[in-house]
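Worksheet: the structure to be examined is printed underneath.
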Amino acid sequence: MKRFFTYLKMRPLGMVSLIALLILYLMMIFAEFIAPYSPATFFADKTYHPPNIRFHDGKLQIQESQVVNTISWKYIRVKGQYGKIQLFGKGQPYRLLGLIPMERHLFSVPQNSYPVFLMGADNLGRDLFSRIVYGSRISLTIGFIVTAISMVLAILFGGLSGYLGGMTDWAIMRVSEFFMLIPGLYLILFLRSLLSSSMDSGQSYIMITLILSLVGWPGSARTIRGMVHAVKREEFVMNAQLEMIPAPVIITRHIIPQIASLLIVSVALSVPGGIIAETTLSFLGLGIVDPAVSWGSLINRNISTLSNLQNYPWLLSPLWFLLGVTLAFNFIGDALRDFYDPYHTVFPRFRRRKQNTAKLPDSDTTKPYEAGANHE
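Numbering-wise (the numbering used here), the sequence shown opens with residue 717 and increments by one.
The structure is reproduced here in structure tokens:
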């Protein structure tokens, strides 16, 4: 990994993806500071309000709008009516990271002035950008937690299966094949439907995480089993066995580091799978419930009909965030795969450049052969 960032400079998509993910996760951590409002703050008279950020007189300002139809919630901009946006201004009080009491926000508006809707408002007049920022805490963390639990289970069962062999290998592989035979989405929906629908947000988050982890480990376990089965025949593993080192220590200390590159790539490619799975459950009404918010629940609540989407296209904003995160993780996973396996990469420039750095001996440094000279 020490040379990975140097390699990433030659992969523009990978570098842009890494920067985008860093911004999104910083946004998730400092959600209270970045979001101008809390996710539950609503403006009853601003239902389906369009985005109202405008450049006026060389400044970023808020343009006021007026409702002309309360049935379809059509707005028209009021000419000459602009409000100020305060950078690092005071707003709703909160606790940064749950500890530090603060009132400053990245951008806010003066008290009792026209509200700011960076990405518009939903059917209850709630700021969509604020809800997306707060919803990222569930959508972005659940992918890592699911991947971490799945990877631990995969290393445990796949490592034991490949190292011990025999009946242990047979039993673990049959169990993993059972999970893999059932389509993942159907199995997730079946397991989720068995649980109570009256669970609160915290319970739903825990149960969704456990269900996705249970479904996600078999494929990685089979891959790890095959690699452990090959590595255990190496001499350093046999020497550890002769020294009577316990099998769990051999697996974790001697074998797992040899396949670390595969695990890193698997993590990078598995995280978006967990995010998409949670979004699917929340979109179907089986995931996160009020008052908590996630990107999937935002899509479920806001995009109910096609006409709704046509009239208020800004309601698709959570989908663009979801698509961006998924593509970013995939691009980084591709870069990691090519970095660790350069012989199969479709971008071999980095490998050729490394090979060209090996200098050949200069021809003029060798003494030329002179006719008539004495040579031993």
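The C-beta atom is built at its ideal place from N, Cα and C for all residues, glycine as well.
Rounding to the nearest angstrom, what Cα-Cα distance links residue i and residue j in this structure?
i: Asp-761; j: Met-923; result: 37 Å
i: Arg-727; j: Pro-962; result: 43 Å
i: Tyr-798; j: Leu-997; result: 41 Å
i: Leu-907; j: Ile-750; result: 36 Å
i: Tyr-764; j: Pro-973; result: 53 Å
i: Val-783; j: Gly-932; result: 49 Å
i: Glu-748; j: Val-1009; result: 14 Å
i: Glu-994; j: Gly-859; result: 8 Å
i: Gly-841; j: Ser-936; result: 44 Å
i: Leu-812; j: Thr-939; result: 42 Å
i: Arg-941; j: Gly-881; result: 9 Å
i: Ile-801; j: Phe-894; result: 57 Å
i: His-970; j: Leu-979; result: 15 Å
i: Gly-1049; j: Val-981; result: 6 Å
i: Leu-822; j: Met-743; result: 11 Å
i: Ala-736; j: Leu-903; result: 32 Å
i: Ser-929; j: Leu-738; result: 24 Å
i: Ser-852; j: Lys-795; result: 35 Å
i: Leu-876; j: Phe-721; result: 34 Å
i: Ile-927; j: Leu-869; result: 13 Å
i: Pro-755; j: Asp-843; result: 7 Å
i: Ile-1015; j: Met-818; result: 31 Å
i: Ile-778; j: His-772; result: 9 Å
Among the options, whose alpha-carbon lies nearest the alpha-carbon of residue i?
i: Ile-967; options: Ala-736, Gly-874, Pro-817 and Pro-1034; result: Gly-874
i: Ala-864; options: Arg-820, Ile-904 and Gly-989; result: Gly-989
i: Gly-1012; options: Ser-824, Leu-958 and Tyr-850; result: Tyr-850
i: Ala-1044; options: Phe-721, Leu-734, Tyr-723 and Phe-720; result: Leu-734
i: Thr-925; options: Ile-1004, Ile-871 and Ala-946; result: Ile-1004
i: Leu-1002; options: Tyr-921, Pro-826 and Asn-1046; result: Tyr-921
i: Ala-837; options: Arg-820, Leu-880 and Pro-767; result: Pro-767
i: Gln-827; options: Met-960, Leu-930, Asn-1027 and Lys-806; result: Lys-806
i: Phe-758; options: Val-794, His-821, Ser-846 and Ile-745; result: Ser-846
i: Tyr-741; options: Leu-815, Thr-857, Asn-839 and Gly-814; result: Thr-857
i: Gly-1040; options: Lys-725, Leu-729, Ala-887 and Asn-1024; result: Leu-729
i: Leu-1038; options: Val-862, Met-731, Arg-820 and Ile-854; result: Ile-854
i: Phe-1047; options: Met-731, Lys-725 and Tyr-723; result: Met-731
i: Ser-892; options: Pro-934, Gln-779, Arg-1017 and Thr-1042; result: Pro-934
i: Gly-814; options: Phe-952, Glu-959 and Phe-746; result: Phe-746
i: Pro-1007; options: Val-965, Ile-1019 and Gln-919; result: Gln-919
With DSSP as the reference, identify every bridge partner of residue i, one or two as the case may be.
i: Asp-1006; result: The partner list for Asp-1006 (beta bridge, DSSP) is empty, contrary to what the question assumes.
i: Ala-1051; result: Per DSSP, none; premise fails for Ala-1051.
i: Ala-837; result: Asp-843
i: Phe-823; result: Leu-803
i: Phe-758; result: Arg-842
Count the C-beta pairs between the segment 823-835 and the segment 892-902 that are closer than 8 Å, then say yes if the count reaches three, no if not. Counting Cβ pairs under 8 Å, fewer than three are found: no touch.
Mind pulling the beta strand (DSSP E) runs of 3 or more residues that sit fully within the segment 770-818? 775-785, 790-800 and 806-812
Given 8 Å, three or more beta-carbon pairs between the segment 977-992 and the segment 1022-1036: Contact check between the segment 977-992 and the segment 1022-1036: fewer than three CB pairs, one atom from each, fall below 8 Å, which does not count as touching.
Three-pair Cβ contact test at 8 Å for the segment 780-795 versus the segment 1047-1054: The segment 1047-1054 and the segment 780-795 do not touch, with fewer than three beta-carbon pairs separated by less than 8 Å.
Whole alpha helix (DSSP H) runs in the segment 932-999 with 4 or more residues, listed along the chain? List check, alpha helix (DSSP H) in window: 951-958, 963-966 and 976-999.
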